[in-house]
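Novice: Protein sequences, first through last, are from chains L and G. Note that our numbering gives residue 249 to position 249 of the first sequence, counting from 1, and the numbers run on in steps of one. Note that our numbering gives residue 1456 to position 1085 of the second sequence, counting from 1, and the numbers run on in steps of one.
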Amino acid sequence: MKRKAILTLSNGSWLEGKLIGAPLVSSGELVFTTAMVGYNETLSDPSFFGQILIFSYPLIGNYGVPISTGMDKAPGLESDKIHASAVIMTQDSETAYHWNTSTTIDEWLKQHGVPGIVGIDTRELIHKVRDANKLLGIITPENSEGSRLLHDKLKDFNHSDFFDPGCHPVTSYVSTPTRKIIGKGKTRIGLIDCGVKWNIIRNLLRLGCEIELLPWNTKFSEVDCGGWVISNGPGDPANTGDLGARIAGLYKETRPMLGICMGNQVMGLAAGATTERLVHGHRGHNQPVYMFGTNKAFMTSQNHGYVVSKQTLPEEWKPWFINVNDGSIEGIAHIEKPFWGVQFHPEAAGGPCDTQWIFDDFVKTVQRGQM
Amino acid sequence: MSLFKFLKRTDEKTPKVLVLGSGALSIGQAGEFDYSGAQALKALEEEGIQTILVNPNIATIQTDTTANRKTYLYPVKPLWVEKIIKEERPDAILAGFGGQTGLNCVLALDEQGILEKYNVKNLGTCIESLRLTEDRDLFANVMRSIDIPIPPSMAVKTLEDAKKAALKIGYPLIIRAAYALGGLGSGFAHNDEDLSKIVKTALNFSPQVLLEKSLEGWEEIEYEVMRDIEGNVITICNMENIDPLGVHTGDSIVVAPSQTLTDNEFQTLRNASIKIVNKLNIVGECNVQFALDPISNSFYVIEVNARLSRSSALASKATGYPIAYIAAKLVAGYNLIELNNPVTGKTRAFFEPAMDYVVIKIPRWDLRKFSGASRKLGSSMKSVGEVMAIGRNFAEAIQKAVRMASENPNGMSVTTRFKNSTDEELISEVTYPTDERLLALVECFRRKMDIERIHSVCRVDKWFLKKIDEIVVVEDEIISTFNGLVKKVTISDDRELYNILEDMLFLVSKDTWIHWKKTGFSDQQILTLALNNVPELVTLKAKYDDEKYFKKLFFLVRKIRKNNVRPVVKKIDTTAAEYPTPSNYLYVTYEGTSSDTKPFDEGKTPIIILGSGAYRIGSSVEFDWCGVKCTEYIKNNNMQSIVINCNPETVSTDYSTSDKLYFEEISTERVLDIYEFENPKGLINSMGGQLPNVLTDSMAMGGIKLLGHSVDTIDMAENREKFSALLDKIGIDQPRWKNVKSKDELNSFIEEVGFPILVRPSFVLSGTAMKVANTKEALEEYMEHATKVSPDHPVVISEFLQDYREIELDGVAHNGKILISFMTEHLENAGIHSGDATLIYPPQKLYVETVRRVKQAGTLISKELNLNGPFNIQFLAASNKIKVIECNARASRSFPFISKVTGINLADLASRVFVAGLTGEERIIPPSFDEYNLASVGVKAPMFSFSRLEGADPILGVEMSSTGEVGCLGNSFDEALLLSLEATGVTIPKKGVLISSGRLHEKIKMLDAVTILEKLDIPIYATEGTAKFLEEHGHKVKMIGWPEELDRPNVITAIRERWVDFVINVPKNLEKEEMQHGADIRKNAIKHGTSLITTAEMATAFFRALQQYDEFINDHKPVMLPQQKHT
Ligand SMILES: Nc1ncnc2c1ncn2[C@@H]1O[C@H](COP(=O)(O)OP(=O)(O)O)[C@@H](O)[C@H]1O
Ligand SMILES: Nc1ncnc2c1ncn2[C@@H]1O[C@H](COP(=O)(O)OP(=O)(O)O)[C@@H](O)[C@H]1O
Ligand SMILES: [Mg+2]
Ligand SMILES: [Mg+2]
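Now the structure itself:
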């Protein structure tokens, strides 16, 4: 018999459900995803750091959790841990059958010290999250056994307070502490890690690149590479210290640059634009975008609450992609230099891979630059 | 307008588009094409396009005429379509919404250069691609060219090549015919023997046969893909077959979205689908089917349907995304980003729906209705319909689905079927799938069999097996809970079962109720589990035998359950709540605490209309037509329509048809849940056929206000005892009948009326288990069977009247007064179920006096029953004697036929009567109508699907067996008959006709036909008796032997070697032995695709008509369906 667990919301209301995963108190920003597959990719995505993830799809864990794959092997996991503060779903699958499964979602959450709630009306909760500008939550299991440790640097954060990833320098919590080389090849990519998903690395390796994974606060002048990729990551892009300023420095040169999600936002900031918070964040596998000035549309995987504000984009930059539904900016490009940013996730995992060609084009450009 | 740019039109004339329908409903091609066609027509007409529809299926919604739609009820065949093209000169043709029939027709039109000749543009996916997807060999090459893996396969045209191919690929093999839908003529071969057998049959259906490595046991997954002219692609959803490869998708239990696929697998298959549609340059919709290895990443593409399909209809209903509607807009030249997603109104059509619920489809089979038909499922489809259930967890969804499909509120908890099977029998049931595999699986888990063991034989994914097991575990909990509770209550002889049960139910805790209901158990299931498994209750209930009492117990359970938990109503919005939507597409669930929607405001007039549930033999698209027309009437008269139905193939479950759509069970419990939530002004249950009709009594007990016929009226008409007493009272004759309870009663009845005698259980649909007996032995056997079919109802026997004509009276009455009624005449004599008979309107051969008497009887019955709504009365007539066989106090099968032929919409008129009480309309003036001033004659002919039912005897009798119907108009009866027969696949004899006919005076009837055949000099072959008879009457015929006579050329050879391309086989009587005799002839005719007629009446009529065939087709000017008057 599962123990009870309470979800307290920053709007004063609360809901009761049953506990899965670790019997720990945990708090964060409530966000939801409408994805119907890929819960394992999503939960291991560093961009969800400090967030409580609600799955709109009611049945989660059906095929279990894949045997850990590593950043240079087959997809399945996007990092070596679960970054979300906690999870909320209608029903978890207590057994998992798949030829490549290692354990159930419940076990997996326990292993990573992450609590979850099942058996509440997730659709009703999503209505609340959707209509609130921002909603924070705390999950409190019946006779809990402590608090979820989000990160060593947050050891003494008291989870009976609401944790808001938007108000913390979370980039520093998820970025690689040290520089490391991945793969071998003539095309060297400097990958600025704001919480990179492994599938970005896998895509660059697929194209024969040699990647140098860089802490977010690296001095770029010390890096020898043919092109830059700025990764996805959690938190408020405006809360990334001097990262914007250092990227602005790179704009003086012509080395190709690709920003993804958070990467796109900081590129915007570096260009002099501002970012704003979306009323309805984009989180799911069915976000439609079209290429600015064309009728060509793509289905994309997305996970962001902030966007580059259209009107603040300086004139040497233009929108590259636009969201088909709300018209927000989904990508920016420099009018002559090879600088691109996309707000969505061309690396997918999970979600549609229809924009994977962006990596191919980018790497080709880098290679041309080196010739 | 977009279509202009697409057709490159310069002038301002409104473009005309000719749309091909799919013809009669048959196995493999059913109601889904009425839905997709109707949506396409709507989408085009919105653009101001003039549509011209060719579809002989008169019972469909799409064949209704509209302001800019012309309907031609003609066979979807090049010959006729060309005539219509010539007449109408359309700019373009649209075939993708008419199933395989439409597709094959447009391919033929193209080959014969007709499209070019009249400069008709083919809209949507180009002909070349269509041909590619149909020719399995070409297809294979294209797939290779884009490295999409396909199972090793070879296409052959002869048996010899097939054998060679088998050597190359190796057994096991699956063999399939090209250009055939629903896997017609396909099967699995494990050795040369199987191979020859299957290939031979397959070659009868198609010039080309595909041999393919068998992937039995792999997971079967489908994707629905849309693509616009700009090349933008989306996948609407994927669907996972619970039955692995080997069982046709149409016969599989299907779940959406996929449950066991990882993101990686999901995307791999999605990418492949997109690659394929891009390569094929699809414009519109496309269905891609995959086989996925359950133990690795490898997969194969099985087939691609570059058209709307059964699956696309299911996907539309599962996601709320109107695939056919959008596809039509794409075909008209729009792209996906300029179109809106109609469900949200805000977001765009370039969007992949997100579901926050589970959808399960379960097919509906009627295999037991066909004597001799094999129940095994395979690569060739056998189901006649399907249901779709929506839930927020798997258990809830599948339990709903089983109840919907079986129309039994006890659903998965029904134990009767396998209770007494041995474990071995069970294992073989799940190993070799039949229509009952799911129930067998449930029984396995009741016996605590091990999942691994079951999986190893049935190959169903363990996750699904586990989910079924979990339901059985809760079933067990329910039983043990009640066994525990019974100890806590006082049981004594003076205490009623009701009160004892009440005490027990009060002790069930709230959490327990919630748990049971979340797991999908119906109140009735819970009640039945208690009554059948708690020894104390089993003894108690034996004391009661009246139905009403058990209904009271049901309402008791419901009352107490409601005090603990009630379901909530959720929306289907395509965005999983990401955006606020006005969606009116709803379902009911226990997995949730708050409802998404509110009842209509005060002052409105909401009315619930019950649909007809799964299409099945005896209840099909005709009842959806009735429901939809009624819904439209209510909408158009500013009342609010709320539809409840669970059949994804229908137009009534298109959320744009009604103000609110509940995709839900048509059961007392669920209808009451919705009724109590919406609290409408009333409910209409007489437009959906027999299913909602039989709920009348319990719905009334539950406090539902029924509009139209009163509960008593319906009961009086349904209950044979009461109805017959009523007939006696008003002095209307009926066949003598008896509700026999003892042997003596039986004997004295036989004494009185003599044989043949008709056995018919009461409270059944479409003559289920009705049989005609000529001997006492047969009679007793049939009665035993009948008692099995409906155990708790009396079996009625009645005199079987031979050589009587059959007449039907359909109409609408108001407060006992008939507003308007129409007589239809059956071509065949009584003894062939009205659903299988050929109907003629206006009647051609009835005495005026007979007409008077029938109308008179109608008036009296209506008055006496106080009919208040639609009705159908069936008569037998000889000379001027008329006898009543039954009265249905509800809309009937013939409503759309009559409404369209006469131009008077009976469904409209009936709806007007339903709401008269609410609108305060006391006196309804019926529309005027002059039967003798009718532009054309209408003939309604049945469509049979015997070719799909291996082993079934294609004989007509008192039990209905047709799966669909057509209705055609002609300038004369002969024209209408020829058209309607051609539309049901009967082909004109050229090579030769085989006659083998029954009783003497049927032989005599046949003489005209024979004379005509001689005129047309078509060679005649006959079996001994018939041959002798014909020669005596001076006709030249070739005599051939019966099947068993191997020493001389026999009928089988004649059919197989194609000496004859037409067979007339009239059984002497409907007696078993006799039918056995002709059975081989009939089965072989079907097997080799030879036209077959089994009644003398039809044979005579057909050949009479055939004499004018040539003039008819040469100078025939197509007759358009007249515009309908709305009352
Ligand atoms: N290679 C195969 N091995 C085993 N079963 C197969 C194979 N190919 C098809 N099937 C089964 O046969 C069914 C019908 O095949 P399909 O190509 O879809 O014909 P249809 O045109 O009737 O849909 C499929 O649904 C699948 O269950
Ligand atoms: N007494 C009878 N004599 C001859 N044929 C009969 C008789 N009763 C019924 N039939 C035939 O059986 C068919 C089905 O009987 P009916 O009572 O209408 O069953 P259902 O309720 O399924 O329509 C009728 O259409 C008619 O052709
Ligand atoms: Mg198929
Ligand atoms: Mg009848």
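Cβ atoms here follow ideal geometry from the backbone N, Cα and C, with glycine treated the same way. Keep in mind the model is a prediction, meaning the values are calculated, not measured.
Less than 7 Å between the CB of Met1500(G) and some heavy atom of ligand 2, yes or no?
Specialist: It is not possible to answer for residue 1500(G), since the shown part of chain G is limited to 372 through 1498.
Novice: Any Cβ of chain G within less than 8 Å of the Cβ of Ser71(L)?
Specialist: Just to set this straight, residue 71(L) is Met in the shown sequence, not Ser. No, Met71(L) does not count as interfacial toward chain G.
Novice: Excluding the five sequence neighbours on either side, which residues of its own chain have a C-beta within less than 6 Å of the C-beta of Ser309(L), listed in chain order?
Specialist: Excluding positions up to five away in sequence, the list reads Thr274, Glu276.
Novice: Assign His375(L) to one of two classes, buried (16 or more other C-beta atoms within 10 Å of its C-beta) or exposed (fewer than that).
Specialist: The first residue shown for chain L is 1 and the last is 371, placing residue 375(L) beyond what the model contains.
Novice: So Asp45(L) and Lys197(L) are supposed to be a Cβ contact under 8 Å. How far apart are they, rounded?
Specialist: At roughly 6 Å, the Cβ-Cβ gap stays under 8 Å, so Asp45(L) and Lys197(L) are in contact.
Novice: Tell me where the alpha helix (DSSP H) around Trp357(L) begins and ends.
Specialist: Start and end: 357-370.
Novice: Could you work out which residues of chain L lie near Gly963(G), taking near to mean beta carbons separated by less than 8 Å?
Specialist: Correct list: Asp121, Arg123, Glu124.
Novice: What does DSSP give as the partner residue(s) for Ile1203(G) in the beta ladder?
Specialist: Looking at the DSSP assignment, Ile1203(G) forms no beta bridge with any residue, so it has no partner.
Novice: Quick check on the DSSP output: what are the complete beta strand (DSSP E) runs of length 3 or more inside the stretch 1105-1135 of chain G, in order along the chain?
Specialist: Complete beta strand (DSSP E) runs here, min 3: 1108-1110, 1128-1132.
Novice: If you measure beta-carbon to beta-carbon, which residues of the stretch 746-778 of chain G are closer than 7 Å to chain L?
Specialist: Answer set for the stretch 746-778 of chain G: Arg763, Asn764, Phe765.
Novice: Mind checking which residues open and close the beta strand (DSSP E) that includes Trp320(L)?
Specialist: It spans 317-323 - the beta strand (DSSP E) in which Trp320(L) sits, taken as one unbroken run.
Novice: If the cut-off is 7 Å on Cβ atoms, which residues from the stretch 245-270 of chain L count as contacting chain B, listed in chain order?
Specialist: Of the protein chains in the structure, L and G, none is chain B.
Novice: Could you give the residue range of the alpha helix (DSSP H) that holds Asn903(G)?
Specialist: Looking at the DSSP string, the run of the alpha helix (DSSP H) that includes Asn903(G) is 894-904.
Novice: Below 7 Å between beta carbons is the criterion; list the residues of the stretch 36-58 of chain L that meet it against any residue of chain G, in chain order.
Specialist: From the stretch 36-58 of chain L, only Met36, Val37, Gly38, Glu41, Ser56, Tyr57, Pro58 have a Cβ closer than 7 Å to chain G.
Novice: Specify whether the stretch 1066-1075 of chain G and the stretch 787-803 of chain G touch according to this definition: at least 3 beta carbon pairs, one from each stretch, less than 8 Å apart.
Specialist: No contact exists between the stretch 1066-1075 of chain G and the stretch 787-803 of chain G.
Novice: Is any heavy atom in ligand 1 found nearer than 7 Å to the beta carbon of Glu595(G)?
Specialist: The answer is no for Glu595(G).
Novice: For Asn904(G) and Pro938(G), I'd like the C-alpha separation in whole angstroms.
Specialist: So the two alpha carbons sit approximately 27 Å from each other.
Novice: Pick out the complete alpha helix (DSSP H) segments inside the stretch 669-736 of chain G, 4 residues or longer, and give them in chain order.
Specialist: Listed in chain order, they are 681-690, 694-702.
Novice: Using a threshold of 7 Å, is the CB atom of Gln1537(G) nearer than that to any non-hydrogen atom of ligand 1?
Specialist: With chain G represented from 372 up to 1498, any question about residue 1537(G) goes unanswered, as that position is not in the structure.
Novice: Helix, strand or coil for Cys1001(G), going by three-state DSSP, please let me know.
Specialist: The answer is helix: DSSP assigns Cys1001(G) an H, G or I state.
Novice: Check whether the stretch 1359-1371 of chain G and the stretch 1387-1407 of chain G touch, using three or more Cβ-Cβ pairs below 8 Å as the test.
Specialist: Because the criterion of three Cβ pairs below 8 Å is met, the stretch 1359-1371 of chain G and the stretch 1387-1407 of chain G touch.
Novice: Compare the beta carbon distance of Ile420(G) and Pro386(G) with 8 Å and say whether it is the shorter of the two.
Specialist: Result yes, Cβ atoms of Ile420(G) and Pro386(G) sit closer than 8 Å.
Novice: Is Ser750(G) close to ligand 1? I mean its beta-carbon at under 7 Å from any heavy atom of the ligand.
Specialist: True, at least one ligand heavy atom lies under 7 Å from that Cβ.
Novice: Along the beta strand (DSSP E) that carries Leu509(G), what are the first and last residues, could you check?
Specialist: Element bounds for Leu509(G): not the beta strand (DSSP E) but the alpha helix (DSSP H), 507-516.
Novice: Helix, strand or coil for Asn1009(G) per DSSP?
Specialist: Coil, per DSSP.
Novice: Measure the C-alpha to C-alpha separation of Pro1325(G) and Met1194(G) and round it to an integer number of angstroms.
Specialist: Rounded to the nearest angstrom, the two C-alpha atoms are 28 Å apart.
Novice: Quick check: the Cα distance between Gly1405(G) and Arg547(G), rounded to an integer number of angstroms?
Specialist: About 47 Å.
Novice: Give the DSSP-derived three-state secondary structure of Arg460(G) in the structure shown.
Specialist: In the structure shown, Arg460(G) sits in coil (DSSP, three-state: anything other than H, G, I, E or B).
Novice: Closest Cβ-Cβ distance between Val879(G) and chain L: below 8 Å?
Specialist: So, not an interface residue.
Novice: What's the gap between the Cα of Asp1099(G) and the Cα of Asn1239(G)?
Specialist: Taking the straight line joining both Cα atoms gives about 22 Å.
Novice: At least one CB of chain L closer than 8 Å to the CB of Ser827(G): is that the case?
Specialist: Output row for Ser827(G): interface = no.
Novice: For a contact meaning CB atoms closer than 7 Å, what does Leu707(G) contact in chain L?
Specialist: Near Leu707(G) (Cβ distances below 7 Å), the residues of chain L are Ala297.
Novice: From the DSSP output, read off the bridge partner residues of Trp340(L).
Specialist: Trp340(L) is bridged to Leu258(L), Ala333(L).
Novice: Classify Asn133(L) as helix, strand or coil using the three-state DSSP reduction.
Specialist: In this structure, Asn133(L) counts as coil in the three-state DSSP scheme.
Novice: Taking only beta-carbon atoms, is Asp1044(G) less than 8 Å away from chain L?
Specialist: Closer than 8 Å: no.
Novice: Apart from the five residues on each side of it in sequence, which residues of its chain come closer than 6 Å, Cβ to Cβ, to Ile1101(G)?
Specialist: Correct list, in chain order: Leu1231, Glu1235.
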